[in-house]
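**Q** For reference, the structure I am asking about is given below.
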Amino acid sequence: MRTTLRLPGRAALHAEIHTSTQLAMLAGNHRWRRFVLGAGSNLVLTGDFDGLLLQMAIRGRELIGEDDDAWYVRAGAGENWHQLVLWTLAQGWPGLENLALIPGTVGAAPIQNIGAYGLEVGERLHALEAIDMQTGRTLRLAHADCRFAYRDSVFKQEGWHLDGQRVITRVTFRLPKAWQPLLGYSDLATELEGQRSSDANDSPNTRPDSHPNGHPQGQADSQATAWQIAEAVIRVRSRKLPDPATLPNAGSFFHNPVVGASLAEQLAIAHPGLPRYPQPDGRIKLAAGWLIERSGWKGRDLGRVGMYEKQALVLVNRGAACGAEVMALAQAVQADVRERFAVELLPEPVFL
Ligand code: NAP
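For the sequence shown, position 220 (counting from the first letter as 1) is numbered 220 according to UniProt numbering, and the numbering increases by one without interruption.
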């Protein structure tokens, strides 16, 4: 099975899925366990899989509607996420730019409600289609049906993503025409500021971003354009995160823990500089990468796996590691963070 962490593991059976009809034909078959694979960018293989692997390859992306307020864009579950983001921007439909360069497929994006730099995909999702693998029927889930939460959705809440009970085939996004740049994250704002300063030294005719691809949409006042934001996100991510093609990894390995206000307060007294992000419910989000770094794991290996030297939240496979080594490292990191901060880190990827 191909995954970005490149751990060994084979599936007993494999089917490449190009249409929802193919999926519907496989419905109701209880003989084999099922697992749906997109790009394998959020998956830890712990061994072989004695079941049927459904490799999602449903393609297609199109504008299916437009009103005064928004563009509606539909894409197949097997489309590459980052390519979809770039394509929407090239069409002049901004709104997904903060989510540039996230690995994975369109169909996987809503499952864990992918998020980056202050935007979650759930905020742009209008509806999705899925096949019920018991009945073969097509289900249509509106935004509210998806029960989006922080890196969470109904697919995870109900465990549908683990046994392929409901398989996402197409996703429709709503991209509002009243576009506003989302620049609340300091890394992104700093990157754009740096770019603006260097552009100010260029002649106006040579500035590449004054009208991205000739599309004026995506500009708010004199602030950054959607293209500039996407480019800045790509630069920041490329600097901080390892490319799975050269250093296998599954992105962020742990969720950012959300704790009670009083624990966060106590921790901040004991550990000055602790990043704290208040949540709407009064709890406080902590940065898992910071906790891991302060527990001594940034750039540290255990056997053939380690926590990445430029971003401690990313677990990397330094060569020919197996799932057991990944689990051993994850447990060692969890134990040290627990001992030092009394905070429990939960893994973000799916374990198969
Ligand atoms: P960072 O800037 O080092 O910040 C560490 C954490 O603090 C982030 O995870 C982020 O939480 C939180 N944070 C930072 N600024 C914040 C703000 N203004 N308001 C609320 N929370 C804030 O993070 P990073 O590791 O370089 O990642 C940057 C962004 O890319 C983050 O949004 C991160 O989630 C995303 N990312 C996602 C993956 C993935 O595999 N899912 C991998 C790498 C990066 P949040 O994570 O809640 O945003």
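Heads up, the beta-carbon is just placed ideally off N, CA and C, and yes, glycines get one too.
Select from T46, A261, G60, P257 the residue whose C-alpha is nearest the C-alpha of T172.
**A** Within the sequence shown, the letter at position 172 stands for residue 172. That would be G60, whose Cα lies nearest to the Cα of T172.
**Q** What separation, rounded to the nearest whole angstrom, lies between the Cα atoms of H117 and G184?
**A** Taking the first residue of the sequence shown as position 1, residue 117 is located at position 117. Taking the first residue of the sequence shown as position 1, residue 184 is located at position 184. The amino acid at residue 117 is misidentified as His; the sequence shows Tyr. So the alpha carbons of these two residues sit roughly 7 Å apart.
**Q** Whole beta strand (DSSP E) runs in the segment 12-60 with 3 or more residues, listed along the chain?
**A** Segments of the beta strand (DSSP E) lying fully in the segment 12-60: 34-37, 49-56.
**Q** Any heavy atom of ligand 1 closer than 8 Å to the beta-carbon of V106?
**A** Translated into positions along the sequence shown, residue 106 becomes position 106. It does not: the Cβ of V106 is nowhere closer than 8 Å to a heavy atom of ligand 1.
**Q** Measure the CB-CB distance between L192 and T88 and report whether it falls below 9 Å.
**A** Walking along the sequence shown from the start, residue 192 turns up at place 192. Walking along the sequence shown from the start, residue 88 turns up at place 88. The answer is no: Cβ separation not under 9 Å.
**Q** Rounded to the nearest angstrom, what separates A11 and R34 at their Cα positions?
**A** Residue 11 sits at position 11 when you count from the first residue of the sequence shown. Residue 34 sits at position 34 when you count from the first residue of the sequence shown. Cα-Cα distance, rounded: 10 Å.
**Q** Within its chain, find whatever has a CB closer than 7 Å to the CB of D301; leave out the 5 residues flanking it on each side and keep chain order.
**A** For this step, residue 301 is matched to residue 301 along the sequence shown. Answer for D301: R318, listed in chain order.
**Q** Since I116 sits in a beta bridge, which residues does DSSP pair it with?
**A** Taking the sequence shown and counting its residues from 1, one reaches residue 116 at position 116. In the sequence on display, residue 116 carries Ala and not Ile. Paired residues: L119.
**Q** In terms of residue numbering, what span does the alpha helix (DSSP H) encompassing V236 cover?
**A** As a working note, residue 236 is residue 236 in the sequence shown. Where V236 is concerned, the enclosing alpha helix (DSSP H) stretches over 226-240.
**Q** What residues are listed by DSSP as bridge partners for D152?
**A** One-based indexing of the sequence shown puts residue 152 at position 152. Answer is A149, bridged to D152.
**Q** So is the beta-carbon of Q180 under 8 Å away from any non-hydrogen atom of ligand 1?
**A** To locate residue 180, count along the sequence shown from 1; it is residue 180. No, the beta carbon of Q180 sits no closer than 8 Å to any heavy atom of ligand 1.
**Q** Spatial neighbours of G214 within its chain, please: CB distance less than 8 Å, with the 5 preceding and 5 following residues excluded, ordered by chain position.
**A** Taking the first residue of the sequence shown as 1, we reach residue 214 at position 214. Annotation note: pLDDT 37 at G214 (below 50); position unreliable, no value reported.
**Q** Can you confirm whether the segment 105-112 touches the segment 229-239 when touching is taken to mean that 3 or more C-beta pairs between the two stretches lie within less than 8 Å?
**A** The answer is no - the segment 105-112 does not touch the segment 229-239, with fewer than three Cβ pairs under 8 Å.
**Q** Going by beta carbon distance, what residues of the same chain come within less than 7 Å of A287, once the five residues before and after it are set aside?
**A** The sequence position of residue 287 within the sequence shown is 287, counting from 1. These residues qualify, in order along the chain: N256, P275.
**Q** Got a sec, what are the start and stop residues for the alpha helix (DSSP H) M307 sits in?
**A** Against the sequence shown, residue 307 aligns to sequence position 307. Not the alpha helix (DSSP H): M307 falls in the beta strand (DSSP E), residues 305-307.
**Q** Examine ligand 1 and report whether any of its heavy atoms sits within less than 8 Å of the Cβ of G76.
**A** Residue mapping note: residue 76 aligns to position 76 of the sequence shown, counting from 1. Not under cutoff, so the answer is no.
**Q** Determine the burial state of F351: buried for a count of at least 16 other Cβ atoms within 10 Å of its Cβ, exposed for fewer.
**A** One-based indexing of the sequence shown puts residue 351 at position 351. Result: exposed.
**Q** Comparing the CB of D152 with every heavy atom of ligand 1, is any distance shorter than 8 Å?
**A** Counted from its first residue, the sequence shown places residue 152 at position 152. No - ligand 1 has no heavy atom lying nearer than 8 Å to the Cβ of D152.
**Q** Any chance the CB of G184 is under 8 Å from a heavy atom of ligand 1?
**A** As a first step, residue 184 is located in the sequence shown; it is residue number 184 there, counting from the start. Result yes, Cβ under 8 Å from ligand 1.
**Q** On the DSSP bridge assignment, give the partners of V259 in chain order.
**A** Locating residue 259 in the sequence shown gives position 259, counting from the first residue. The partner list for V259 (beta bridge, DSSP) reads I284.
**Q** Considering only their Cβ atoms, is the gap separating W71 from L63 smaller than 9 Å?
**A** To locate residue 63, count along the sequence shown from 1; it is residue 63. To locate residue 71, count along the sequence shown from 1; it is residue 71. Closer than 9 Å, so yes.
**Q** Applying the criterion that 16 or more other CB atoms from any shown protein chain within 10 Å of the CB defines a buried residue, is T21 buried or exposed?
**A** As a first step, residue 21 is located in the sequence shown; it is residue number 21 there, counting from the start. The residue in question, T21, is exposed, as its Cβ has fewer than 16 Cβ neighbours within 10 Å.
**Q** Can you find at least 3 beta carbon pairs, one from the segment 246-262 and one from the segment 124-140, that sit closer than 8 Å?
**A** Because the criterion of three Cβ pairs below 8 Å is not met, the segment 246-262 and the segment 124-140 do not touch.
**Q** For the beta strand (DSSP E) that contains G323, what are its first and last residues?
**A** For the purposes of this step, residue 323 is identified with residue 323 of the sequence shown, where counting begins at 1. Not the beta strand (DSSP E): G323 falls in the alpha helix (DSSP H), residues 323-341.
**Q** Which residue marks the beginning of the beta strand (DSSP E) containing T172, and which one marks its end?
**A** Numbered from its first residue, the sequence shown carries residue 172 at position 172. Unbroken beta strand (DSSP E) run through T172: 166-176.
**Q** Please go through the same chain and pick out, in chain order, the residues whose beta-carbon is closer than 8 Å to the beta-carbon of S41, but skip the five residues on each side of it.
**A** Counting from one through the sequence shown, the residue named residue 41 turns up at place 41. Around S41: T3, T4, P103, G104, A108, P244, A250, G251.
**Q** For Q311, count the other beta carbons within 10 Å of its own beta carbon; 16 or more makes it buried, fewer makes it exposed. Which is it?
**A** Walking along the sequence shown from the start, residue 311 turns up at place 311. Its Cβ being crowded by 16 or more others within 10 Å, Q311 is buried.
**Q** Within a Cβ cutoff of 8 Å, which residues of the same chain sit near L291, ignoring the five residues on either side of it in sequence?
**A** As a first step, residue 291 must be located in the sequence shown, where it is residue number 291. For L291, where only same-chain residues beyond five positions count, the Cβ hits under 8 Å are P257, V337, R340, F341, V343, L345.
**Q** Which residues mark the beginning and the end of the beta strand (DSSP E) in which V314 is found?
**A** For the purposes of this step, residue 314 is taken as the residue at position 314 of the sequence shown. Looking at the DSSP string, the run of the beta strand (DSSP E) that includes V314 is 314-317.
**Q** Of the choices L26, A142, A328, V305, whose alpha-carbon is the least far from that of Q165?
**A** If you number the sequence shown from 1, residue 165 lands on position 165. Out of L26, A142, A328, V305, L26 has the C-alpha closest to the C-alpha of Q165.
**Q** Excluding the 5 residues preceding and the 5 following T138 in the sequence, name in chain order all residues of the same chain whose CB lies nearer than 7 Å to its CB.
**A** Taking the sequence shown and counting its residues from 1, the one referred to as residue 138 is at position 138. Around T138: S20, E129, I131.
**Q** Among R170, G38, E158, D145, which residue has its Cα nearest to the Cα of A75?
**A** Numbered from 1 along the sequence shown, position 75 holds the residue referred to as residue 75. Among R170, G38, E158, D145, the Cα nearest to that of A75 is on R170.
**Q** Quick test of your reading: Q134 and G28, contact by CB under 8 Å. State the CB separation rounded to the nearest angstrom.
**A** Position 134 of the sequence shown, counted from the first residue, corresponds to residue 134. Position 28 of the sequence shown, counted from the first residue, corresponds to residue 28. Q134 to G28, Cβ: 6 Å. Contact.
**Q** Would you tell me roughly how many angstroms separate the C-alpha atoms of R6 and Q55, rounded to the nearest one?
**A** The residue you call residue 6 lines up with position 6 of the sequence shown. The residue you call residue 55 lines up with position 55 of the sequence shown. Using only the alpha carbons, I get a separation of about 16 Å.
**Q** Would you kindly work out how many angstroms separate the C-alpha atoms of T46 and A321, rounded to a whole number?
**A** One-based indexing of the sequence shown puts residue 46 at position 46. One-based indexing of the sequence shown puts residue 321 at position 321. Cα-Cα distance, rounded: 11 Å.
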